[in-house]
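Participant: Using full-length UniProt numbering, the first residue of the sequence shown is number 1, and each one after it goes up by one. By construction, the Cβ of each residue, glycine as well, lies at the ideal position given by its N, Cα and C atoms. Have a look at this one before I ask anything.
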Amino acid sequence: MGLDFRPKTYDEIPEDKQPSLGEALVPIVGMLLFLSAGMIWLEMDPQIPLLWGIAFAGLFGRYYFGYTWSDLYDGISRSVVTGLQAILILFVIYMLIASWIDSGTIPTLMYYGLEFLSPEIFLPFTVVLSAIVAFAIGSSWTTAGTLGVAMIGIGSGLGIPEAMTAGAVLSGAYTGDKNSPLSDTTNLAAAVTNTELMDHIRAMRPGTLIAFGISLVLFIFLGLDASGSVPADRIAEIQGGLAGSYAISPLTFLPLVLTFALAFYGFPALPSLGAGIFAGVGVATTVQGVGFAAAWETVHYGTSPETGVELTNELLASGGLSGSMWVVSIVVAALALGGILQETGILAAIAFYIGQAVSSVAGLTAGTAAGTIAMNFLAAEQYMAIVVPGMTLQNLYDDYNLESRNLSRAVEAAGTTTSAFVPWGSGGVFMASALGVPVIEYAPYYFFGIISPLVLVLMGATGWRMFYKEGPEQEAPAEEPAAPSVD
């Protein structure tokens, strides 16, 4: 029997199993208690607290709502399949990073970056470059996992805290991603809300540019504050360690150029990144003189270079395919938990009750943002954070005489950008592992992710750039809106 991958809306749940708000909060509060107890009080890794949450949510769904074990397993299966691309990208990115270190691609980027950049301009330069690359290739993940890794190394050499650099990379990468017609989340947000793609992008652009502009100004001030903090011989020492361990040559940029070229010309992320791995191995064997088998062993087991400079050794250490297993286990566990919450109607109920609580366009916009962010934390997958409110709230936007691009903009402005804040979600896990900076450390510097939802809420509150259908604008529906549904 095939699986239906379309998330349930509230009215599609049988009446005897429709969760009330209190019932919906039980597994959510339980999950938050388990995560906080395990990760904060007991200082455990996320996997076991997530397992506790899975067990609690599963037992609640089985014995309180009456779902069968088969139902719950189907929910887990749907969720894991939905996040399968993210899982595969995690595997590939870990191999790619190891390959590009072994080939000298990342070391050469670091070497030249230290040569030409200064602490004053580094952070704003990183924001703008990341935005350009992400817009061109349509992927914040690819940008962070390739360019971002090199920028972390360059920034460390210039005396810039890694958390600041990570925030700059993410602020630029998500800006470009949101505005790119090649982005998967941009296309998804338009599709699930029945919005034309370019209408969706045009609706997002003003708010995105405001959030980006504010972020850029903040990074300019951070860069000025960082000036003069680099010891005179530090850059020379790092460059000497790099040049002594790798052949520093423009030829090592071939894997980078190939990967970005494929992504720019419309190839999906997986084949583009996969090509980058093979190109990295090719450059490692021809330019760096690494043996063929040794190059592939590096892809498998990672890198642990000995450059003679401790900072450089730490920056260029990577886990390869084997190192990705720890990260992937978090994503799979989080997706399993999200699948149970989706199957038992918990996520649909939360979105529904948020929609019922609003009484104005301003409230609807803020409620959509809050619901979308909540989905990111509960479902642990940005695709679900876009799809569930995007499908559930369509009728409510119709009741307020609002065009669908208001909804598509809201779920992306609050969904795509905030996924990197969730330590157990696919976005947070990926960014933290690829950049080597924990979520809790880079979160205060990820300005775009903070500002973007705030700008969205202000747009709803002021009515600026809110698009109404033909006919009179209405601040509230004439009648109490019925349960949202999708035909």
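Considering only the alpha carbon of each residue, which of 57, 35 and 48 lies closest to residue 25?
Facilitator: Ranking the options by Cα distance to residue 25, first place goes to 57.
Participant: So residue 137 packs on residue 278, CB below 8 angstroms; how close in whole Å?
Facilitator: Contact doesn't hold; Cβ gap of about 18 angstroms is too wide.
Participant: For residue 496, I'd like the list of residues in its chain whose CB is within less than 7 angstroms of its CB, leaving aside the five on either flank, ordered along the chain.
Facilitator: One cannot answer for residue 496 here, as it falls past the ends of the chain, which runs 1 to 487.
Participant: Hey, does residue 427 have any beta-carbon neighbour from chain C nearer than 8 angstroms?
Facilitator: Protein chain content of the structure displayed is limited to a single chain, and chain C is not contained in it.
Participant: Going by CA-CA distance only, name the one from 336, 295, 450 and 247 that's closest to residue 370.
Facilitator: Checked all of 336, 295, 450 and 247; the closest Cα to residue 370 is 450.
Participant: Label residue 459 either buried or exposed according to how many other C-beta atoms from any shown protein chain fall within 10 Å of its C-beta, with 16 as the threshold for buried.
Facilitator: buried
Participant: Assuming residue 385 and residue 10 are in contact, meaning their beta carbons sit under 8 angstroms apart, how far apart are those beta carbons, in whole angstroms?
Facilitator: About 17 angstroms separates the two Cβ atoms, so there is no contact after all.
Participant: Report the partner residues of residue 468 according to the DSSP bridge assignment.
Facilitator: 402
Participant: Use the C-beta contact count for residue 22: other C-beta atoms within 10 angstroms, 16 or more gives buried, fewer gives exposed.
Facilitator: exposed
Participant: So is residue 147 buried or exposed if we call it buried at 16+ other beta carbons inside 10 Å?
Facilitator: buried
Participant: For a test of the three-state rule: what should DSSP assign to residue 103, helix, strand or coil?
Facilitator: coil
Participant: Please state the DSSP three-state secondary structure of residue 303.
Facilitator: The answer is strand: DSSP assigns residue 303 an E or B state.
Participant: Taking contact to mean at least 3 C-beta pairs separated by less than 8 angstroms, is the stretch 196-214 in contact with the stretch 432-440?
Facilitator: These segments do not touch.
Participant: For the stretch 68-83 against the stretch 274-288, do three or more pairs of beta-carbon atoms, one drawn from each stretch, fall closer than 8 angstroms, so that the two count as touching?
Facilitator: No: fewer than three Cβ pairs fall under 8 angstroms.
Participant: From what residue to what residue does the alpha helix (DSSP H) around residue 177 run?
Facilitator: 162-179
Participant: Closest to residue 161 by C-alpha separation, out of 454, 442 and 457, would be which residue?
Facilitator: 442
Participant: Within 10 Å of its beta-carbon, does residue 42 have 16 or more other beta-carbons around it, so buried, or fewer, so exposed?
Facilitator: exposed
Participant: With respect to the alpha helix (DSSP H) encompassing residue 196, which residues constitute its N-terminal and C-terminal limits?
Facilitator: Per DSSP, residue 196 belongs to no alpha helix (DSSP H) and is neither H nor E.
Participant: Starting from residue 383, trace the alpha helix (DSSP H) both ways and give me its first and last residue.
Facilitator: 382-392
Participant: Identify the residues that DSSP records as bridge partners of residue 318: which are they?
Facilitator: 303
Participant: I need the DSSP call for residue 289, collapsed to helix, strand or coil.
Facilitator: coil
Participant: If you count every other CB in all the chains shown that lies within 10 Å of the CB of residue 164, and 16 or more means buried, which is it?
Facilitator: buried
Participant: Can you grab the Cα-Cα spacing for the pair residue 194 / residue 398, in whole Å?
Facilitator: Rounded to the nearest angstrom, the two C-alpha atoms are 12 angstroms apart.
Participant: Can you give the beta carbon distance from residue 239 to residue 114, rounded, assuming they're within the 8 angstroms contact cut?
Facilitator: Sure, about 6 angstroms apart at Cβ, within 8 angstroms.
Participant: Relative to the C-alpha of residue 20, which residue among 176, 88, 48 and 345 is closest?
Facilitator: Cα-wise, what sits closest to residue 20 is 345.
Participant: Is residue 18 helix, strand or coil by DSSP?
Facilitator: coil
Participant: Check whether the stretch 395-414 and the stretch 121-133 touch, using three or more Cβ-Cβ pairs below 8 angstroms as the test.
Facilitator: no
Participant: What is the DSSP secondary structure of residue 11, reduced to helix, strand or coil?
Facilitator: helix
Participant: Between which two residues does the alpha helix (DSSP H) harbouring residue 131 extend?
Facilitator: 119-137
Participant: For residue 296, which of helix, strand or coil comes out of DSSP?
Facilitator: DSSP places residue 296 in helix when its eight states are reduced to three.
Participant: Is the distance from the Cβ of residue 308 to the Cβ of residue 241 below 8 angstroms?
Facilitator: yes
Participant: Nearest to residue 465 by CA position, among 431, 368, 420 and 410, is which residue?
Facilitator: 410
Participant: My output table needs one value for residue 182: the three-state DSSP class, helix, strand or coil.
Facilitator: coil
Participant: In its own chain, which residues sit with a C-beta less than 7 angstroms from the C-beta of residue 354, not counting the 5 before and 5 after it?
Facilitator: 367, 370 and 371
Participant: Can you tell me which of 304, 252, 303 and 313 puts its alpha carbon nearest to the alpha carbon of residue 287?
Facilitator: 252
Participant: Report the three-state DSSP secondary structure of residue 41 (helix, strand or coil).
Facilitator: helix
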